[in-house]
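Using the numbering used here, read the sequence shown as starting at 203 and increasing by one per residue. Beta carbons are placed, not taken as given, at the ideal position from N, Cα and C, and that holds for glycine. Remember, it's a predicted structure, so these values are computed and weren't measured experimentally. Remarks on the structure that follows.
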Amino acid sequence: MMLSRSQKYIMVLFSVLMMCFPVVLLHAQTVKHVVVIDPAHGGEDTGVVGVDKIAEKDLTLAIAQALKKELAQNANLEVVLTRDSDKTVSLAERRKNILKIQPAIVLSLHINAGFGKTSSGFEMYYPGFQEKDESLKKKTRKGDAGDEKKYLSDTVRLSRLVQKNLDGLFPRKGRGLREADVPLGEDLALPVLTVEMGFATNPEEKKKLESGKIQKDIARALAKSIKSFF
Ligand SMILES: [Zn+2]
Numbered sequence: 203m204m205l206s207r208s209q210k211y212i213m214v215l216f217s218v219l220m221m222c223f224p225v226v227l228l229h230a231q232t233v234k235h236v237v238v239i240d241p242a243h244g245g246e247d248t249g250v251v252g253v254d255k256i257a258e259k260d261l262t263l264a265i266a267q268a269l270k271k272e273l274a275q276n277a278n279l280e281v282v283l284t285r286d287s288d289k290t291v292s293l294a295e296r297r298k299n300i301l302k303i304q305p306a307i308v309l310s311l312h313i314n315a316g317f318g319k320t321s322s323g324f325e326m327y328y329p330g331f332q333e334k335d336e337s338l339k340k341k342t343r344k345g346d347a348g349d350e351k352k353y354l355s356d357t358v359r360l361s362r363l364v365q366k367n368l369d370g371l372f373p374r375k376g377r378g379l380r381e382a383d384v385p386l387g388e389d390l391a392l393p394v395l396t397v398e399m400g401f402a403t404n405p406e407e408k409k410k411l412e413s414g415k416i417q418k419d420i421a422r423a424l425a426k427s428i429k430s431f432f
């Protein structure tokens, strides 16, 4: 059988592709990032309960489950929830679990509460950067600050992506990244970012947060942020 020049070319291309294919597959299998999503509260711990009696614990779980579904389509991501139903899971248990899993990132989901009805938007927290920065300087002299620096800069990088993607859902209402104690992430030496998604004390925003469509939109925005992070 005589092969034309272009047929030969196609055959060569095909064999090269066949040789590369298993390598690509192997690569996709080996690079798997573990992401822990923490739907805050649960069970006896309701979190903030609005006038309509719908609790924070239910909203965080709904959004976390939607987020897990969004991320499940990514072969290089493994998503673990700190709870997948309405049950009480203590902070200590969550921390213990996270330490065991050693994920690349932890995203803790909350709904905010304000003093009045007008507070709105989203807010993010991570364990105090300045304070860590001081201890970091001390440690640098000892020479073991590399990891600490990395998890802090990872947290900031993730927060910027979340900020960018959530801004579209809460227009011009991002309250930015704040330094605060995050008991869940304290001393874990892992990037732990807390996202307070809107205010349960703001009737308009609460209504939005209860909508299945908005929950999916938030999940999609968070999924996009996580995918861009890796
Ligand atoms: Zn909360």
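Hey, Y353 and P385: beta-carbon distance below 8 Å or not? In this structure, P385 does not lie closer than 8 Å to Y353 by Cβ.
Note the first and the last residue of the continuous beta strand (DSSP E) segment covering G245. No beta strand (DSSP E) holds G245; DSSP gives it neither H nor E.
Which residue or residues does DSSP assign as beta-bridge partners of Y327? R380, T396, per the DSSP bridge assignment.
Counting C-beta neighbours from all protein chains within 10 Å, is the total for P305 16 or more, i.e. buried, or is it exposed? So P305 ends up on the buried side.
Am I right that G249 and K259 are in contact with their C-beta atoms under 8 Å? What's the rounded C-beta distance? Sure, about 5 Å apart at Cβ, within 8 Å.
Is A382 near ligand 1, with its Cβ less than 7 Å from a heavy atom? Not so, every heavy atom of ligand 1 lies at least 7 Å from the Cβ.
Might you give, ordered along the chain, the residues of its own chain that have their beta carbon closer than 6 Å to the beta carbon of F432, omitting 5 neighbours on each side? In its chain, beyond the 5 residues on either side, H235 have a beta carbon closer than 6 Å to the beta carbon of F432.
Would you identify the three-state DSSP class for L283, choosing helix, strand or coil? Of the three classes helix, strand and coil, the one that applies to L283 here is strand, per DSSP.
So is V233 buried or exposed if we call it buried at 16+ other beta carbons inside 10 Å? With a threshold of 16 other beta carbon atoms within 10 Å, V233 falls short and is exposed.
Tell me A238's beta-bridge partners as DSSP assigns them. The identity of residue 238 in the sequence shown is Val, whereas the question assumes Ala. Paired residue(s): V282, V308.
In whole angstroms, what separates the C-alpha of L338 from that of F324? With a pLDDT of 48 at L338, under the threshold of 50, the predicted position of this residue should be treated as unreliable, though the coordinate-derived value follows. Each residue's Cα considered, the two are about 29 Å apart.
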